[in-house]
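Participant:
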Amino acid sequence: MDNLSQSSGFSAKIVEYITARGAEKLIDIDKKIDKLKASANQADQLALEQEEQKRRELVEKFKPKNWLSDAAKRAGQLQLVTHAPKYTHSDAKANGAYVTGRAGDKHDGLIDTSILSQPAIDVIGNAAALDVGKLLQLECDGEVLIEQIAKDDISALMPIAGEQQLASDWLAGLKKAIEVDKIAAHKLVKQVYWPVVNDFEAPEYHLLAPLFSSALQQEIYHTITS
43 MDNLSQSSGF SAKIVEYITA RGAEKLIDID KKIDKLKASA NQADQLALEQ
93 EEQKRRELVE KFKPKNWLSD AAKRAGQLQL VTHAPKYTHS DAKANGAYVT
143 GRAGDKHDGL IDTSILSQPA IDVIGNAAAL DVGKLLQLEC DGEVLIEQIA
193 KDDISALMPI AGEQQLASDW LAGLKKAIEV DKIAAHKLVK QVYWPVVNDF
243 EAPEYHLLAP LFSSALQQEI YHTITS
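In this text, residue positions in the sequence shown follow the numbering used here: the first is 43, and each later residue adds one.
1) How is A145 classed by DSSP in three states: helix, strand or coil?
2) With the cut-off set at 8 Å, would you say T142 and L258 are in Cβ contact?
3) Go through its chain and collect everything with a Cβ distance to V273's Cβ below 6 Å, but skip five positions before and after it.
4) Determine the direct distance from the alpha carbon of K229 to that of S53, and round the result to whole angstroms.
5) Determine the burial state of L158: buried for a count of at least 16 other Cβ atoms within 10 Å of its Cβ, exposed for fewer.
6) So which of A162, L249, K96, E99 has the shortest CA-CA distance to W236?
7) In terms of alpha-carbon separation, which member of A251, E246, A209, D211 lies closest to I225?
8) How many Å lie between F104 and V234 at the Cα?
9) Ends of the alpha helix (DSSP H) at Q263?
10) Can you look up G215 in the DSSP assignment and give me helix, strand or coil?
11) Hey, could you find the ends of the alpha helix (DSSP H) D86 is sitting in?
12) If I'm right that S210 touches I220 with Cβ under 8 Å, what's the distance once you round it to whole angstroms?
13) Could you tell me which residues DSSP pairs with Y247 in its beta bridges?
14) Counting only runs of 3+ residues fully inside the segment 128–211, write out the beta strand (DSSP E) ranges in chain order.
15) For F254 versus A126, is the C-beta spacing smaller than 8 Å?
16) DSSP state of L120, grouped into three classes?
17) Give the single residue among V231, E205, D194 whose Cα lies nearest to the Cα of K218.
18) Where does P106 sit, in a helix, a strand or coil, going by DSSP?
19) Is the Cβ-Cβ distance between L78 and L68 less than 8 Å?
20) Label T265 either buried or exposed according to how many other C-beta atoms from any shown protein chain fall within 10 Å of its C-beta, with 16 as the threshold for buried.
21) Where does the unbroken alpha helix (DSSP H) through I75 begin, and where does it stop?
22) Once you ignore the five residues that flank A145 on each side, which residues in its own chain have a CB closer than 6 Å to its CB?
23) Quick one: what's got a C-beta closer than 7 Å to A139's C-beta in the same chain, skipping five residues either side?
24) Give the single residue among S81, Q260, M200 whose Cα lies nearest to the Cα of I56.
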């Protein structure tokens, strides 16, 4: 890339990640091409042209700009979460939650997710978009990419996009991985209707749906075993 030399460490990691994924995809197709090139069979020569076309399309797909534009469209198919409903019940269809630590919070001796400065992240949703989830969990200098995205920081994307509008479009798309359009609970996460208005004729409730914090559990495990 023309401006990669001026990019941040995060930008270089993003490009490295995309390039590595493209290289993995090319291994099998390159083997097929090499085998077909060694054949004098006319049918194999036609197959060779098709495989070479597939290779050109794959190379184009994994150019960083193209791949990120596609990733931004697919990010909404998954959720990055610190609290996942599946740990309560494997068939629970509730939303997960992405909760980060808040500097300066008073905890009164309690241990909860908000004390974690960099919580472990799980990915739920469409397995076909897991590559986007891995992108958003890239780390550089103690920061995770999704943390930048959550703060509307496009600094890691700008050197690749080359223009603010494109970088902003990518950010908006990628941010959908931690945004929920409509919050959904589910009976299998052991939801509780908690009374807030004690009126027999017209009671009112808050729906409580506690979610297991995989991030907190990971931190406890790491602390005990390290």
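Where a beta carbon is used, it is the ideal one built from N, C-alpha and C, also for glycine.
Facilitator: In terms of the structure at hand:
1) Below a pLDDT of 50, predicted positions are generally treated as unreliable, and A145, at 49, falls in that range; the measurement from the model is reported next regardless. A145: coil per DSSP, three-state reduction.
2) no
3) Given a span of 43 to 268 for the chain in the structure shown, any question on residue 273 remains unanswerable.
4) 42 Å
5) buried
6) L249
7) A251
8) 47 Å
9) One detail in the question is off: residue 263 reads as Tyr in this sequence, not Gln. Per DSSP, Y263 belongs to the alpha helix (DSSP H) from 256–267.
10) helix
11) 84–103
12) No, S210 and I220 are not in contact; Cβ-Cβ is about 17 Å, not under 8 Å.
13) P237
14) 164–167
15) yes
16) strand
17) D194
18) helix
19) no
20) exposed
21) 51–79
22) In this prediction, A145 scores a pLDDT of 49, lower than 50, which makes its location untrustworthy; the coordinate-derived value is nonetheless stated afterwards. So no residue of the chain qualifies.
23) V123, T124, H125, L253
24) M200
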